Each structure stands twice: as C-alpha cells, then as structure tokens.
Amino acid sequence: MAAGPAQNYANHKTMDNALTWIAVLALASALLSLTAIAGIPHVASASPILMAIAVVWILFRMRTYATRLQDRIIRLETQLRLQRVLPADLAARIGELELTHVIGLRFASDAELPELVQRVLANRSMRSDDIKKLVKDWQADHLRV
1078 MAAGPAQNYA NHKTMDNALT WIAVLALASA LLSLTAIAGI PHVASASPIL MAIAVVWILF
1138 RMRTYATRLQ DRIIRLETQL RLQRVLPADL AARIGELELT HVIGLRFASD AELPELVQRV
1198 LANRSMRSDD IKKLVKDWQA DHLRV
C-alpha cells in the first residue's frame, strides 16, 4: 500500500499531542475545583466548562483512534483478499493502492475486483466514494465503527 514519508528509527515513534492537551484541561479543571474547596469559588466556576471541553475532546479522540485502527484492519483484510482474487499481474501492483482506494474496494464482490483495481490504478485520483459508486454487487460491512 502507498505510504507516507519514509519511516526510520528517528521518526517511528508518535505521540498524540491532543491527548496531552486533554490531560492539561482535565488537570486545570481539577485544580480549579480545588480552589472552591480552598474558599475561592469564583475561580472554580470555570471548572465545569473545562471538564466539559476535556470530555468532548476525549470522545472525539476515542473515535479517531477507533477509525484509524479499523482502517489498518481493512487495509490488511483487503490486501489479503486482493492477493487471493487478482491475477498475478494485478496482484503485483497491490502496493500501489492508497488507503482511500482500499477502503472503497472492500465493498466490491470478488468477481468485480479485478476490473475495479485496473480502473483505480489507471486513475489514481479516484477516492473511496468514487470507487464505491462503481460497485455493482455490494458486499455489506455491518461491523464498521
């Protein structure tokens, strides 16, 4: 599958900076709540707002993590399926497909995959919605997050 920038030891680790900011918001909210206990109630009034922002942000990040993981699983499942279904000349080109292509192709039946893969490789600007519209025998995915 087509990849982003080259990865090596120096850049292989990733950290979610948004999660750090969520933790800072939650900590600030907790500290503001403590000011109410210490007898400074007007400062503590910001605490529920900060906590609400942190909770909404956490929910958004959880959704992002789930869909990113699901995209990785879809990529693997579809890659294995393509290796099984495609003729050798097309199977050799599976690595040229981008994730957005794979996400669209996964809904196609085995019979129509070779033709769709050829079309995608000929027109790499196709996105997953474009590919999904070309699928004639839709294979449902009821387990999508």
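Residue numbering for the sequence shown follows my numbering, beginning at 1078 and increasing consecutively.
Glycine included, each C-beta is placed from N, C-alpha and C at the ideal position.
All values derive from a computational prediction rather than experimental measurement.
Output the distance between the C-alpha atoms of Ala1143 and Val1222, rounded to the nearest integer angstrom. 7 Å
His1178: first and last residue of the uninterrupted alpha helix (DSSP H) it sits in: Leu1176 to Leu1182
Quick one, which of Gly1181, Ile1151, Glu1192 and Arg1149 has its alpha-carbon nearest Ala1168's? Glu1192
Rounded to the nearest angstrom, how far is the Cβ of Gly1181 from that of Lys1209, given a contact under 8 Å? With a Cβ gap of about 5 Å, Gly1181 and Lys1209 count as contacting.
Tell me which same chain residues have a C-beta within less than 7 Å of the C-beta of Thr1155, skipping the five on either side of it? Val1179, Leu1182 and Arg1183
Can you give me the C-alpha to C-alpha distance between Thr1177 and Ser1110, rounded to a whole angstrom? 45 Å
Just to confirm, are Leu1159 and Leu1108 a CB contact at a threshold of 8 Å? no
Taking Cβ to Cβ, would you say Ser1106 is nearer than 8 Å to Ala1083? Not closer than 8 Å, so no.
So, for Ser1124: in the same chain, excluding its five sequence neighbours on each side, which residues have a beta-carbon less than 7 Å away from its beta-carbon? Ser1106, Leu1109 and Ser1110
Specify the secondary structure class of Pro1191 as computed by DSSP and reduced to three states. helix
Reduced DSSP category for Val1132 - H, G, I as helix; E, B as strand; rest coil: helix
Give me the Cα-Cα distance between Leu1174 and Val1197, rounded to the nearest whole angstrom. Those two C-alpha atoms are separated by around 8 Å.
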